[in-house]
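Below: one structure, written as structure tokens.
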Amino acid sequence: MSSHQTPRFNRLLAATLAAGWLHAAGATEPPPQAPDPLRTQAMALVAQQQDAQALALFEARVQRQPGQAQALIDLGVVLARLGRLPEARQRFDEALRTSPLHALAHDNLVQLQLNMARHAYAAALHASDPLPAADSGLQWSPDPTPLAPTLAAEALLASAPPAMGAAVLWTARLDPMAWLRPLLASLALLTLGATAWAVNRRLPAVVDATPPPAATASPPATVAVPEHERAVPEERLIQVYRLIGQGHWARALEAAEALVRDQPRFTLAQLVYGDLLLAHSGVLRGFGRGTAQAPGGGATQIAPLQLEARQRLAAWQAPPPPGMVPRGVLLLPASVRQVVVVDGLRSRLFVLEHRAGQLVPTASLYAAIGRLGVGKQDEGDQRTPLGVYDITGRLGSQQVGDFYGAGALPLSYPNEHDRRLHRTGANIWLHGTRADRHAEAPFSSNGCIVLSNPDMERLLRDLVPRRTPVVIAERLEWIHPKSLADTRNAAVALAESWRQARMQADPSRLLGLYARSFDNGLQGWAEWQRQLAKDTASGSGRERELLDLTILDNADGSDALFITFREVLRGSASGSLRRQYWARERGQWKIFSEGVLE
């Protein structure tokens with residue numbers, strides 16, 4: 002605990018003990034005080050359900066009586082009645098600071114925070130059953146003498162086992178550190194070592210720019226993502242974790258409060274906010290345990306949120322190492338501005354972009370995948386496919402409906418490799434989230450990759466259909482470009498062997514590069530053989546070059562390569578864009594499918 006927080010806990014402890022002592026001893030009540038005309042007029046407006054008009058009088062009373070606890074308590078109650086809960090919480094907290102022995106300020110602060118926590122948990126669980134109003138149980142300042150205090154926390158814990166409730170409250174009364182200990186224990190697991198991460202994490206240094214690579218050079222290296230380009234709501238949630246890890250509890254609560262105000266449908270943020278409210282009330286029993294107070298709350302309901310917290314924190318604790326590239330990206334020309342890589346089991350989507358000859362991860366986004374994970378095989382198996390795909394189009398929100406949120410980017414599943422392996426299914430998209438939530442649970446889709454709507458809007462704006470490859474892996478492996486040299490050079494040699502054979506007059510040499518199982522969806526082996534003979538007769542001997550060579554290794558663990566290039570005849574300004582699918586057949590690399598994209 003920081004040194005500036007200790008006096009507050011001492012005052013809170015003194016308030017609790019003094020209130021209990023006065024009540025038990027039957028202390029003589031203070032003499033009546035003269036009624037405050039301003040308060041009398043304000044309370045008359047409250048009785049007429051004119052809270053908004055009463056608010057101005059209560060505020061004027063606080064200005065006229067600065068630091069007076071009763072005036073602050075009354076202002077807090079009317080703010081709560083008007084739904085301005087964070088402001089009400091601040092007024093009760095201020096009243097407690099200005100009058101350490103004022104038990105009513107403590108009771109109202111605790112009760113309000115407990116009510117707010119219930120509502121936060123209900124929002125986290127999408128509970129539809131009604132909850133009591135957030136201002137329920139709050140008490141006006143006594144007029145003319147103070148009322149006997151009642152601890153709101155005791156009422157909350159009445160439903161818990163008697164021994165547990167008594168232990169929690171007795172410990173909180175006698176030990177001002179007691180409520181911090183369960184918070185530390187429960188949030189330690191949640192934050193996966195947030196303290197050490199907050200202190201020791203260093204942003205990787207930016208790698209110096211290098212000239213664009215040649216066809217046989219190493220693929221571009223990655224550099225760090227600038228802070229300001231990261232997903233804003235998630236970064237704000239991470240900042241809450243940072244503050245928790247650094248012991249700044251009050252600032253963490255303020256940051257969480259601002260986050261749920263701006264992103265009320267961010268369910269994980271609501272859960273963390275509820276926990277922090279309970280922690281400040283001294284009754285936190287573990288991460289998300291307060292959800293039992295919300296309709297439908299329980300361990301089963303919070304498990305997906307716990308996993309989401311772990312996935313988000315793990316991604317921020319271990320970003321892509323600088324200078325590394327995903328294993329599957331063997332060669333990406335500058336003409337392909339971006340590539341999307343998805344780490345399925347880590348719930349992460351990265352956008353890598355060419356900048357000054359390097360691949361820079363310009364986006365690191367949380368993404369939900371299929372309910373049963375990755376490795377799609379059959380229609381309706383609720384798995385996300387593994388492999389290399391193209392974005393085939395762009396669909397706006399008006400074209401897809403509310404379920405897909407901001408819009409969708411359809412993928413080319415099943416591709417030729419999937420059909421070769423008899424995989425079925427269709428309509429695998431990158432898409433947004435329905436309007437009633439900020440993000441989905443990590444494993445929750447029917448096979449699509451689901452992002453928050455702000456993140457999806459960014460992808461819709463930035464990614465180019467038919468020009469942006471998408472690599473979906475079970476787990477991305479980030480390695481040094483030099484480690485890919487042998488695989489990359491071997492793949493480049495395959496494309497070069499095709500180019501050389503293409504210029505020969507003998508079609509048999511070219512035909513030898515194709516698998517007997519060749520099938521591109523329109524032509525089988527026999528039809529393709531006739532097509533090659535025709536092409537050889539018309540184009541043999543003409544020099545050609547392969548431009549914009551792109552080589553991607555399949556991400557499903559099979560030996561398959563996806564090679565794309567533009568075939569340009571000497572003397573021509575442009576040429577056809579071809580896609581070849583290569584796989585091993587009896588130990589030899591063969592083309593099992595090929596087609597002209599444009």
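Numbering (this note's numbering), first residue to last: 2 to 599.
Think of the CB as a built atom: it goes at the ideal place given N, C-alpha and C, for glycine as much as any other residue.
Pairing CB atoms from the stretch 418-432 with CB atoms from the stretch 381-388, are three or more of them under 8 Å? yes
Look up arginine 531 in the DSSP assignment and say whether it is helix, strand or coil. helix
Output yes or no for whether 8 Å exceeds the beta carbon distance between leucine 332 and valine 343. no
Can you list, in chain order, the residues of its chain with a C-beta nearer than 7 Å to that of alanine 257? Leave out the 5 residues immediately preceding and following it. Val241, Ala270, Val273, Tyr274 and Leu277
Which value, in whole angstroms, describes the spacing of the CA atoms of glutamine 91 and valine 361? 43 Å
Looking at the secondary structure, which residues open and close the alpha helix (DSSP H) in which isoleucine 392 lies? No alpha helix (DSSP H) holds isoleucine 392; DSSP gives it neither H nor E.
When DSSP labels each residue in this structure, what does alanine 173 get in the three-state scheme? For alanine 173, the predicted structure reports a pLDDT of 36, less than 50, and the residue's modelled location is therefore unreliable. The matter cannot be settled from this model.
Buried or exposed, going by whether 16 or more other CB atoms sit within 10 Å of the CB of glutamine 359? In this structure glutamine 359 is buried. Its beta-carbon is surrounded by 16 or more other beta-carbon atoms within 10 angstroms.
Mind checking leucine 86: buried by the 16 CB within 10 Å criterion, or exposed? Residue burial annotation: leucine 86 is buried, with at least 16 other C-beta atoms found within 10 angstroms of its C-beta.
What does the alpha-carbon distance come out to for the pair lysine 377 and leucine 387? 7 Å
How is tryptophan 526 classed by DSSP in three states: helix, strand or coil? helix
Cβ separation of glycine 408 and leucine 396, assumed to be a contact under 8 Å, to the nearest whole Å: 5 Å
Quick check: valine 401 and histidine 432, are their CB atoms within less than 8 Å of each other? yes
Can you find the residues in the same chain that come closer than 7 Å, C-beta to C-beta, to serine 142, ignoring five residues on each side of it along the sequence? The answer, listed in chain order, is Gln71, Ile74, Asp75 and Leu105.
Return the first residue and the last residue of the beta strand (DSSP E) that tryptophan 583 is part of. 577-586
Measure how close the beta-carbons of tryptophan 590 and leucine 495 come, nearest whole angstrom, since I'm counting them as under 8 Å. 6 Å
Rounded to the nearest angstrom, what separates isoleucine 450 and alanine 364 at their Cα positions? 15 Å
For isoleucine 552 and leucine 562, I'd like the C-alpha separation in whole angstroms. For isoleucine 552 and leucine 562, the distance between alpha carbons rounds to 7 Å.
Using three-state DSSP, classify valine 493 as helix, strand or coil. helix
Please tell me whether valine 330 and leucine 412 are closer than 8 Å, where the distance is taken between their beta carbons. Against a cut-off of 8 Å, the Cβ pair of leucine 412 and valine 330 comes out as no contact.
Three-way DSSP call (helix, strand, coil) for proline 234 in this model: Shown here, proline 234 sits in a helix according to DSSP, grouped into three states.
Contact check, glutamate 417 vs serine 594 under 8 Å by CB: the rounded distance? 4 Å
If you count every other CB in all the chains shown that lies within 10 Å of the CB of valine 261, and 16 or more means buried, which is it? So valine 261 ends up on the buried side.
Using a 10 Å radius around the Cβ and a threshold of 16 neighbouring Cβ atoms, would you call arginine 65 buried or exposed? exposed
Determine the closest residue to aspartate 94 out of Leu254, Gly522, Arg500 and Pro482, with distance taken between C-alpha atoms. Leu254
Pop quiz: serine 348 and alanine 368 are said to be a contact at Cβ under 8 Å. What is the actual Cβ separation, rounded to whole angstroms? 6 Å
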